[in-house]
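Enquirer: Each residue of the sequence shown is one higher than the last, beginning at 2 in my numbering.
Positions of the beta carbon are idealized from the N, C-alpha and C atoms, including for glycine.
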Amino acid sequence: MTRVRVVLITAMAVFVGMRCLQPVLGCGPWLPTAYFTFSYHPFDERYFNGRLGVLQPTYWRIYLYAAYRYLSEPNLSGDPAGVRPATRQGNEQNWVTAWLTARRSIRPDDPLPQIDVYRETQPYRYYLNYPEDAFRNAVQTLEQRISQFGADSREVAEWLKAQDIVFSNQTGQNRIPEPAPKDLPPVIRADRDYQIAAAYFYAGNFDEAAARFRAIATDSDSPWRSWAPYLVARCFVRKSALMGEEDAWDSQTLAQAESQLRSVLQNPQLEPVHKPSQKLLNLVSVRLHPAQRSLELARNLRLINLSQVRYSEPQELIDYRFLLDRLLDLGGSSLVGSAEETLAVARQDDMTDWIVTFQDSSSSAREHTVERWRQTQSEAWLVSALVKASVNHPALPELLRAARQVSSNSRAYPSVMFHRFRLMMERGEGAETRREMDGLLPEAEVEWPRSSLNLLLGMRLKLATTFDEFLKFAVRVPAGVGTSDSEGGFGEVNEHAREPMFHADSARILNDGLPTRKLLDAAKSDQLSPVLREKVALAAWVRAVLLDQEPTALELAAWLEQRRPDFRDSFRAYQTEPTPGARKFAAVLLILKTPGLRPLIEVGLGRQEPVTEMSIYRDNWWCPGDQWPYSQHVEDLRDPLRVLYLNGQTVTPPFLNEQELEQAGKEREALETMSTAPNYLCRQVVEWVRRNPKDPRAAEALHLAVRSTRRGCGDRDTGKFSRDAFRLLHRLYPDSPWARKTKYWYGSLG
Numbered sequence: 002m003t004r005v006r007v008v009l010i011t012a013m014a015v016f017v018g019m020r021c022l023q024p025v026l027g028c029g030p031w032l033p034t035a036y037f038t039f040s041y042h043p044f045d046e047r048y049f050n051g052r053l054g055v056l057q058p059t060y061w062r063i064y065l066y067a068a069y070r071y072l073s074e075p076n077l078s079g080d081p082a083g084v085r086p087a088t089r090q091g092n093e094q095n096w097v098t099a100w101l102t103a104r105r106s107i108r109p110d111d112p113l114p115q116i117d118v119y120r121e122t123q124p125y126r127y128y129l130n131y132p133e134d135a136f137r138n139a140v141q142t143l144e145q146r147i148s149q150f151g152a153d154s155r156e157v158a159e160w161l162k163a164q165d166i167v168f169s170n171q172t173g174q175n176r177i178p179e180p181a182p183k184d185l186p187p188v189i190r191a192d193r194d195y196q197i198a199a200a201y202f203y204a205g206n207f208d209e210a211a212a213r214f215r216a217i218a219t220d221s222d223s224p225w226r227s228w229a230p231y232l233v234a235r236c237f238v239r240k241s242a243l244m245g246e247e248d249a250w251d252s253q254t255l256a257q258a259e260s261q262l263r264s265v266l267q268n269p270q271l272e273p274v275h276k277p278s279q280k281l282l283n284l285v286s287v288r289l290h291p292a293q294r295s296l297e298l299a300r301n302l303r304l305i306n307l308s309q310v311r312y313s314e315p316q317e318l319i320d321y322r323f324l325l326d327r328l329l330d331l332g333g334s335s336l337v338g339s340a341e342e343t344l345a346v347a348r349q350d351d352m353t354d355w356i357v358t359f360q361d362s363s364s365s366a367r368e369h370t371v372e373r374w375r376q377t378q379s380e381a382w383l384v385s386a387l388v389k390a391s392v393n394h395p396a397l398p399e400l401l402r403a404a405r406q407v408s409s410n411s412r413a414y415p416s417v418m419f420h421r422f423r424l425m426m427e428r429g430e431g432a433e434t435r436r437e438m439d440g441l442l443p444e445a446e447v448e449w450p451r452s453s454l455n456l457l458l459g460m461r462l463k464l465a466t467t468f469d470e471f472l473k474f475a476v477r478v479p480a481g482v483g484t485s486d487s488e489g490g491f492g493e494v495n496e497h498a499r500e501p502m503f504h505a506d507s508a509r510i511l512n513d514g515l516p517t518r519k520l521l522d523a524a525k526s527d528q529l530s531p532v533l534r535e536k537v538a539l540a541a542w543v544r545a546v547l548l549d550q551e552p553t554a555l556e557l558a559a560w561l562e563q564r565r566p567d568f569r570d571s572f573r574a575y576q577t578e579p580t581p582g583a584r585k586f587a588a589v590l591l592i593l594k595t596p597g598l599r600p601l602i603e604v605g606l607g608r609q610e611p612v613t614e615m616s617i618y619r620d621n622w623w624c625p626g627d628q629w630p631y632s633q634h635v636e637d638l639r640d641p642l643r644v645l646y647l648n649g650q651t652v653t654p655p656f657l658n659e660q661e662l663e664q665a666g667k668e669r670e671a672l673e674t675m676s677t678a679p680n681y682l683c684r685q686v687v688e689w690v691r692r693n694p695k696d697p698r699a700a701e702a703l704h705l706a707v708r709s710t711r712r713g714c715g716d717r718d719t720g721k722f723s724r725d726a727f728r729l730l731h732r733l734y735p736d737s738p739w740a741r742k743t744k745y746w747y748g749s750l751g
């Protein structure tokens, strides 16, 4: 193939997929979050090599496609070259930079133009106006014209001037180059005709662009004539995409595009554009003939080298997922024909049927998946049936028998074993489940993905019969750490966190299900790491202070004094105060100075700042009825089977006696009804200072109390407490440095 033909092939793709409705994200903060189990992405380099782990129905469909292939094709091998980092497509900024770099090489003194590759059609609705090939074409054509005429030639200057106008059609701007002067060489005039047609295209005038491309197609001297018929179809496609409501493509205009593309493919003289024309026809067929195209795509996807999907998703898979997204999530939006009828045809393919059924939680899907397993005896359908099975289903005995026959070498093994254990446990076979699970855990810790291992450990936690056993399985190593929106697809996840942390299930038991004295036992237990023992002890000490459990608070203070040198003097001062009231005030003062102290054991990474530092996000002390350690981990709580003793019922760990359970309930009720930290701390300080105005710590304590109302979690009463502390400080200690530092009191922030 000649260089000119290569240039034309890469040049003429003036339309890449639409990007309507760009996600608009709020302004963070995107704080680091520990993910113990992934719900949407496996986030494991080995997944596309067959290391599936425990499959989740909530996985994005690209991962379920890979899972089906591996489960239904036992001999399908992974990547023989081993794990490689994922490659990424070049981003839009790189496209523009490549063009501007080439431009600057011949016009170094010109100011660089501003180019926006997206064009806005409505507020917050954009589409990709200038695709990568547009810039690649510009670079290659510029190089070719420089080779023909020289960098300083008039011909190149005229070409560049027109190209700048072509790339200036951004939101609200419609600019078209002037016709080329007649004394320029024919190739430059032909280039100008193409540039004018392209400018109309980028400006959104698709009818005029199509008319000009048709004219180019009849110009035997134009180097663009072979591509012009294809570009006419491009005009129809983009017009169809933009002329209706959001993502509702116009079928009549699409039909014109289909007719145009078929005529191109039937013309042997247009062979240079047959490949891109076929790709564009495939895109059109997805929307015009979704049922037929879904079957074609599913058939073609069986032939793809699966390991390469990890590195570069093929267009067939993109189109296939697009179809399923529209049929299942958007009710057939933008597709021609009934969504129900199209989906019924699509499900004639076993892979499509499996993906759709696996993600369907209805009772009809449960019955269908059992029926398909009985018909096929495939591991893919067995996994689906086990995921959906319940203890009262009549097919459960035969499903469990089949599950026992699955080899440990099977890629279905983790999913089968996890749900087999779940069903055994639900049937009340706790002792047998515990014995088999303990036998599997050593292997799972080596072979299973961390996310799947944590699912298994969470289930094992449910079977804990002693407190030491509970503590052993209360902590897990996160599968990864990312931003708080990573699971939704807007952030990266890495595996840098390798320290064990409290999962949401165990943290809820520790916070809601144990009396404070039991937390003291946890702090002293060798089942926890020294870091976690200190975290438990600090939370338990705050709880004991708030609940006026002074013996426990003193014992915890003595334990912490030996292990936290930074708190040694404060805890020693607390213990040596002469009266209970003085000790309570010393404790409140320490809490005020330490905004990271709270009566809660945190999930995962927890608060990012050291306990002694103030959080700029007001993540300081505690809020009333504070449940935030769980709300950040909804992906771990979505399925109640993953969470120990939660199922909407009262926490009842079996390793607590009746007296401990009763005490835990009383403490939980007291903490849930306690006011927010600034209100509580202000009240304690004001009451103490009124009784003890000569206390040398009084002015500082009042200042810190007022500060807490600004930096802590407020409610409608916080302003009153802030004002009382402020007025008392300035009335009793007006000349103190603490009064000079306290210029304002703060109203309610709740």
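For R741, count neighbouring C-beta atoms within 10 Å of its own C-beta (all shown protein chains included) and say buried if the count is 16 or more, exposed if not.
Expert: exposed
Enquirer: Could you spell out where the beta strand (DSSP E) holding V482 opens and where it closes?
Expert: G481 to T484
Enquirer: Grab me the residues of T172's own chain with a C-beta within less than 6 Å of its C-beta, minus the 5 sequence neighbours each way, in chain order.
Expert: R120 and E121
Enquirer: DSSP three-state call for T34: helix, strand or coil?
Expert: strand
Enquirer: For D117, which residues of its own chain have a beta-carbon under 6 Å away from its beta-carbon, when the five flanking residues on both sides are left out?
Expert: Q171
Enquirer: Tell me the rounded alpha-carbon separation between V635 and A524.
Expert: Unreliable positioning characterises V635 in this predicted model, as indicated by a pLDDT of 35, which lies under 50. The coordinate reading is nonetheless provided below. Computed Cα separation, rounded: 27 Å.
Enquirer: Name the two residues that bound the continuous beta strand (DSSP E) containing L129.
Expert: R126 to L129
Enquirer: Within a Cβ cutoff of 7 Å, which residues of the same chain sit near F207, ignoring the five residues on either side of it in sequence?
Expert: C236, R239 and K240
Enquirer: Which complete alpha helix (DSSP H) runs does the region 696–739 hold, if anything under 4 residues is left out?
Expert: 699–712 and 719–733
Enquirer: Drop a sphere of 10 angstroms on the beta-carbon of K463, count the other beta-carbons inside from all chains shown, and report buried for 16 or more, exposed for fewer.
Expert: buried
Enquirer: Can you tell me the Cα-Cα spacing of L733 and E470, whole angstroms?
Expert: Cα-Cα distance, rounded: 55 Å.
Enquirer: Do R584 and E551 have their CB atoms nearer than 8 Å?
Expert: If you check the CB distance, R584 and E551 come in under 8 Å.
Enquirer: Would L325 and A340 be called neighbours here (beta carbons separated by less than 8 Å)?
Expert: Contact: no.
Enquirer: Just curious, the beta strand (DSSP E) that R564 is in, first and last residue?
Expert: Looking at the DSSP string, R564 is not in any beta strand (DSSP E), and its letter there is neither H nor E.
Enquirer: With DSSP as the reference, label E1 as helix, strand or coil.
Expert: With the chain covering 2 to 751 only, the question about residue 1 has no answer from this structure.
Enquirer: Please list, in chain order, all residues of the same chain as Q57 whose beta carbon is under 7 Å from its beta carbon, the five residues on each side excluded.
Expert: S40
Enquirer: Measure the CB-CB distance between S278 and L289 and report whether it falls below 8 Å.
Expert: no
Enquirer: When the distance is taken between beta carbons, is P600 closer than 8 Å to A540?
Expert: Taking C-beta atoms as the reference points, A540 and P600 count as a pair closer than 8 Å.
Enquirer: Taking its Cβ as the centre, do 16 or more other Cβ atoms sit within 10 Å of D110, making it buried, or is it exposed?
Expert: exposed
Enquirer: Looking at the C-beta of S453, does it have a partner C-beta in chain D at a distance below 8 Å?
Expert: Within the model displayed, chain D is absent; a lone protein chain is all it includes.
Enquirer: Would you call N393 buried or exposed, if buried means 16 or more other Cβ atoms sit within 10 Å of its Cβ?
Expert: exposed
Enquirer: Pairs of beta-carbons, one from the region 408–415 and one from the region 53–69, closer than 8 Å: are there three or more?
Expert: yes
Enquirer: Is it buried or exposed, T434, if we count other Cβ atoms within 10 angstroms and call 16 or more buried?
Expert: buried
Enquirer: If contacts are defined as beta-carbon pairs under 8 Å, then A588 and A554 qualify, I think. What distance do you get, rounded to the angstrom?
Expert: 7 Å
Enquirer: Does the Cβ-Cβ distance between E156 and I189 come in under 8 Å?
Expert: yes
Enquirer: Under a three-way DSSP split, which group does R534 fall into?
Expert: Three-state result, R534: helix.
Enquirer: How far does the beta strand (DSSP E) with E121 in it reach, from first residue to last?
Expert: Counting along the chain, the beta strand (DSSP E) containing E121 begins and ends at Y119 to Q123.
Enquirer: Does the Cβ of Q23 have 16 or more other Cβ atoms within 10 Å, making it buried, or fewer, making it exposed?
Expert: Since pLDDT at Q23 reaches only 33, below the 50 mark, its modelled position is unreliable, and no value is offered.
Enquirer: Does the distance from the CB of Y36 to the CB of G459 come in under 8 Å?
Expert: no
Enquirer: Nearest-angstrom Cα distance between R724 and V604?
Expert: Going from the Cα of R724 to the Cα of V604 covers about 34 Å.
Enquirer: Just verifying my parser: in three-state terms, what is the DSSP assignment at V476?
Expert: strand
Enquirer: Quick check on the DSSP output: the alpha helix (DSSP H) that includes T370 runs from which residue to which?
Expert: S364 to T377
Enquirer: Using only CA atoms, which one of R684, G338 and A386 lies nearest to G720?
Expert: R684
Enquirer: L307 and R70 look like a contact to me (Cβ under 8 Å); what is the Cβ gap, rounded to whole Å?
Expert: 5 Å
Enquirer: Between the Cα of R193 and those of I177, Y203 and A204, spot the shortest distance and give me the residue it belongs to.
Expert: I177
Enquirer: T34 and T1 - do their beta-carbons sit closer together than 8 Å?
Expert: Look at the range of the chain in this structure, 2 to 751, and you will see that residue 1 is not part of it.
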